[in-house]
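Worksheet for the structure shown next.
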Amino acid sequence: MSKIKLLLDVVSDLRSLADSVQAVADAIASNAPEEVSKPEQPEEKRVTLEEVRAVLAEKSHDGFTAEVRALLQKYGASKLSEIDPSKYDALLADAEGLK
């Protein structure tokens, strides 16, 4: 047998194999229950202590030290580590509003 004939046989076998794999995939897909996708809910981004600390430090450096202290007191603390992490979002928003 020539090399070209062998290569043509290999190509033919590969096509046959591909058809068989496709038939199996189609059979599995038709028998599988349809997936019910859950509506995607946007993942809430949690503000971290480090993010709040960075913004407050920047504001303090920009001359808003008294305002930063007032914000900490507004949220019931004398230092940032005493503030409840659930309040970080609001504190960050207030701090970014300082101008």
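Residue numbering for the sequence shown follows the numbering used here, starting at 1 and increasing by one per position. Here a beta-carbon is modelled for each residue, glycine too, at the ideal position from N, C-alpha and C. As the structure is a prediction and not an experimental result, all values here were calculated from the model.
- Task: Would you check if the stretch 16-28 and the stretch 45-62 touch, i.e. whether three or more CB-CB distances between them fall below 8 angstroms?
- Result: no
- Tell whether a beta-carbon distance below 8 angstroms holds between leucine 107 and alanine 95. Residue 107 lies beyond the range of the chain shown here (1 to 99); nothing can be said about it.
- Message: Are the CB atoms of phenylalanine 64 and leucine 91 within a distance shorter than 8 angstroms?
- Response: Here residue 91 refers to the residue found at position 91 when the sequence shown is read from its first residue. Here residue 64 refers to the residue found at position 64 when the sequence shown is read from its first residue. Cβ distance not < 8 angstroms, so leucine 91 and phenylalanine 64 don't count as in contact.
- Query: Short check: CB of arginine 46 to CB of leucine 80, under 8 angstroms?
  - Reply: Sequence index remark: in the sequence shown, residue 46 carries index 46 (1-based). Sequence index remark: in the sequence shown, residue 80 carries index 80 (1-based). Result no, Cβ atoms of arginine 46 and leucine 80 do not sit closer than 8 angstroms.
- Task: Assign proline 39 to one of three DSSP states: helix, strand, or coil.
- Result: Within the sequence shown, the letter at position 39 stands for residue 39. Residue state, collapsed to three classes: coil.
- Query: At which residues does the alpha helix (DSSP H) containing valine 28 begin and terminate?
  - Reply: Position 28 of the sequence shown, counted from the first residue, corresponds to residue 28. The amino acid at residue 28 is misidentified as valine; the sequence shows isoleucine. 3-31 is the extent of the alpha helix (DSSP H) around isoleucine 28.
- Neighbourhood of isoleucine 83 by C-beta distance below 6 angstroms, restricted to the same chain and skipping five residues each side: As a first step, residue 83 is located in the sequence shown; it is residue number 83 there, counting from the start. Cβ within range, chain order: Tyr75, Ala77.
- Task: Whole angstroms is fine: what's the gap from valine 68's alpha carbon to proline 39's?
- Result: Here the question's residue 68 lines up with position 68 in the sequence shown. Here the question's residue 39 lines up with position 39 in the sequence shown. Answer to the nearest angstrom: the Cα atoms are 40 angstroms apart.
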